[in-house]
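In the numbering used here, the protein residues as written are 9 to 785. Note that the Cβ used here is the ideal one computed from N, Cα and C, for glycine as well. Remember, it's a predicted structure, so these values are computed and weren't measured experimentally. To start, the structure itself, in structure tokens.
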Ligand code: BGC
């Protein structure tokens with residue numbers, strides 16, 4: 009039904025009939041069974057009948073408690089009137105406010121809730137949403153670090169923990185998970201997602217939703233997930249924040265959409281539309297995304313909220329000449345709730361009166377919001393639950409410490425410098441992140457959480473006391489420093505030490521929203537500090553803090569041990585000490601490729617083939633000869649990553665046996681079904697060949713050759729964390745079914761064709777052991 013209407017009016021030609029079509033037809037199974045409940049529907053019907061227009065529109069707007077709308081110059085340029093426009097408390101009391109954002113604290117949320125529930129005519133509770141991205145008071149690594157754990161069950165547990173904490177402050181809605189695939193390390197929001205791979209991204213997306221919503225939204229400690237940013241925000245051109253995206257439908261469906269789809273299938277109650285335009289249509293006014301894909305194909309039955317002032321920003325996108333046109337386009341495209349633009353409540357009345365926006369569309373949007381509120385049980389328990397959590401919870405520290413430990417990726421460990429010996433040792437601890445609680449937390453935490461952080465300095469000093477050693481601390485420089493005045497003291501400390509631990513990298517706010525970078529080196533003069541300390545000849549262990557892959561080329565060539573630690577959270581220091589001293593062996597693997605140079609970006613392992621593939625790796629010491637010139641490569645840098653996707657070392661070594669397959673041929677008619685599972689089972693034996701117990705992330709990659717559409721050179725299709733004692737072996741199997749073996753064809757259909765498949769099993773995206781099979785007509 010909807011597709012027919014889209015064909016008639018065109019994707020850009022928004023009209024009321026497009027919206028109405030979508031309202032009528034919901035072809036796919038509803039994504040969230042709780043939102044499809046007849047009891048809830050009766051309650052919604054009853055309430056809706058009693059609501060006046062301004063009360064209905066109230067449900068469709070969201071404000072913070074600061075009393076202003078626009079904060080940036082760009083926002084004020086569109087709407088100079090936008091400052092100091094609303095009094096959220098008054099609106100709540102008048103029943104003209106549906107939800108609030110980033111209003112935190114039990115006393116605070118309860119005060120607004122009292123106004124809504126006790127003073128407003130219909131007593132409809134507010135829904136409080138917040139950016140709880142990687143913990144509320146007990147903080148764990150940012151999502152990119154969590155992705156490095158390849159441990160969705162851990163992510164589910166952490167999400168559960170943060171929901172339990174935040175609901176005590178009245179928050180029942182998280183603007184999380186961010187599931188945007190990011191292949192370009194320049195984009196600061198790489199920190200907030202699961203990296204470059206759709207399979208890993210989808211697994212993480214499901215885990216967050218399950219943790220937040222726990223299959224029962226009505227439990228007072230459940231929160232509604234808000235999957236963001238729909239869609240393809242991570243493909244912002246040149247990695248520049250808020251920039252446009254443009255891609256084929258095949259790439260959209262194959263690479264960018266799978267994590268959103270996985271989150272919707274897991275029952276996510278809400279979705280946030282993205283800031284970016286996709287193929288010329290801003291995501292916040294895009295019926296192809298918000299209607300055709302989200303509602304008609306996926307059966308999404310929650311509500312859609314815009315991103316912050318994104319409705320207003322349609323004017324800057326140049327597709328709306330007036331605020332009214334912006335409001336109309338966003339609303340008719342399927343954005344139910346206007347976050348902070350102050351457009352729906354002020355402009356929809358006239359659009360409705362003049363017939364440009366149909367009343368049934370307004371009712372449908374209100375319905376969607378109310379369904380979520382009923383499903384959350386907000387009418388029964390509108391206030392913050394229990395005793396408010398205001399500081400890191402002691403019982404939660406073990407979990408966030410484990411998360412941090414699992415997230416660390418050991419990139420280099422020459423001569424087994426790590427783990428550190430425990431006997432009396434002098435350690436020089438150098439760098440701007442060594443004694444820095446604020447920057448252990450990353451982009452979305454800070455303030456109240458800082459006082460609970462264990463710094464590296466504190467943790468290593470505690471160990472030194474225990475082992476009879478000594479820590480010589482020197483900051484050396486600032487994160488973005490230019491002065492070398494601290495270098496001498498750092499050199500002094502290094503010279504006296506047995507080993508130097510350097511804590512270098514970005515500050516938490518150099519990534520995250522509006523954290524795009526054109527350079528990916530260690531910021532400021534940290535690289536010079538590193539080189540200066542390396543000249544002392546003392547062995548150096550480099551800890552890298554970042555919300556994205558950095559260019560670590562010099563360090564990779566000159567520093568014996570390097571570990572990426574992202575932003576570890578509350579237990580940063582203890583987790584780092586545990587891994588440095590070998591109480592825990594590292595097990596993280598990279599969720600994004602680390603480049604040799606920023607010029608390689610966007611860089612990702614699951615590239616498409618070219619007609620002129622280069623020889624495996626070019627020799628950088630010679631200029632390209634005539635035999636190697638006209639191939640797809642740079643003349644001054646390798647194609648490959650410095651550290652590839654899926655890569656990570658530990659304190660032991662693993663070997664892989666041959667890959668065996670359950671069969672070598674699969675009949676096409678058996679394969680080509682959405683629910684075909686275990687078409688082929690791929691198995692390999694992994695053995696711990698070293699001397700320490702450790703956990704390996706065993707990875708399964710697939711390549712499909714001979715299909716009607718080019719397929720990536722390899723794609724992750726399975727992973728498993730396997731813990732092995734020295735000498736121990738385990739057989740690890742991966743089921744390959746329709747979801748793993750299919751691809752999107754030129755008609756946008758997910759299919760399997762009669763083609764050839766190669767399967768690899770190993771410890772990174774460079775896995776060598778392979779086997780192959782065919783799908784036969
Ligand atoms: C960000 C969102 C966030 C929202 C509310 C926006 O600027 O893009 O990710 O959820 O603000 O704070």
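Proximity of the beta carbon of residue 188 to the ligand BGC is not indicated: no heavy atom of the ligand is located closer than 6 Å. At least one heavy atom of the ligand BGC lies closer than 6 Å to the C-beta of residue 139. Between residue 238 and residue 202 a beta carbon distance of about 16 Å is seen, past the 8 Å cut, so the two are scored as non-contacting. If you check the CB distance, residue 213 and residue 267 come in under 7 Å. Burial state of residue 606 is buried, judged by a 10 Å Cβ sphere holding 16 or more other Cβ atoms. By the Cβ criterion, the segment 597-612 is in contact with the segment 649-660, since at least three pairs of Cβ atoms, one from each stretch, lie closer than 8 Å. Residue 274 has its alpha-carbon roughly 43 Å from the corresponding atom of residue 422. DSSP places residue 415 in the helix class (H, G or I) of the three-state scheme. Within 6 Å of the C-beta of residue 521 there is at least one heavy atom belonging to the ligand BGC.
In the pairwise beta carbon analysis, the segment 477-493 is classified as touching the segment 432-448: at least three pairs are separated by under 8 Å. The DSSP-derived three-state label of residue 591 is coil. The three-state secondary structure of residue 317, taken from DSSP, is coil. Per the coordinates, the alpha-carbon of residue 258 lies some 9 Å from the alpha-carbon of residue 751. Within the model, the alpha-carbon separation for residue 476 versus residue 468 is close to 11 Å.
Counting other Cβ atoms within 10 Å of its Cβ, residue 616 stays below 16 and is therefore classed as exposed. Taken atom to atom, the span from the alpha-carbon of residue 357 to that of residue 164 is near 42 Å. Cβ neighbours of residue 218 within its own chain (closer than 7 Å, five residues either side excluded): 164, 274. Taking all protein chains shown into account, residue 635 has fewer than 16 neighbouring C-beta atoms within 10 Å of its C-beta and is therefore exposed.
Residue 429 counts as exposed, since fewer than 16 other C-beta atoms from the protein chains shown sit within 10 angstroms of its C-beta.
Rounded to the nearest whole angstrom, the CA to CA distance from residue 533 to residue 296 is 47 Å.
Bounds of any beta strand (DSSP E) do not take in residue 424, whose DSSP letter is neither H nor E. Taking 8 Å as the upper bound for CB-CB distance, residue 308 and residue 272 are in contact here, some 5 Å apart. In this structure, the C-beta of residue 346 stays at least 6 Å away from each heavy atom of the ligand BGC. Distances from the CA of residue 526 to each of 582, 196, 403 were compared; the closest alpha carbon is that of 196. If you ignore the 5 residues before and after residue 531, its C-beta comes within less than 7 Å of the C-beta of 487, 488, 514, 518, all in its own chain and listed in chain order. DSSP places residue 344 in the coil class of the three-state scheme, outside both helix and strand. For residue 650, the closest C-alpha among the options 560, 346, 227 is that of 560.
Inclusion of residue 383 and residue 42 in the CB contact set at 7 Å is warranted, their separation being smaller than that value.
Using a C-beta cut-off of 8 Å, the segment 671-691 makes no contact with the segment 375-394, since fewer than three inter-stretch Cβ pairs fall below that distance. In this structure, residue 316 has its CB closer than 6 Å to one or more heavy atoms of the ligand BGC. For residue 237, the uninterrupted beta strand (DSSP E) segment begins and ends at 232-238. Contact check for residue 100 against residue 124 passes: the beta carbons are separated by less than 7 Å. For residue 133 and residue 182, the gap between their C-alpha atoms comes out near 17 Å. Take the alpha-carbon of residue 583 and the one of residue 222: they are about 28 Å apart. Counted as a single uninterrupted DSSP element, the stretch harbouring residue 170 is not any beta strand (DSSP E) but the alpha helix (DSSP H) occupying residues 160-174. Excluding sequence positions up to five before and after residue 442, its CB lies within less than 6 Å of the CB of 464, 465, 511, all in the same chain and listed in chain order.
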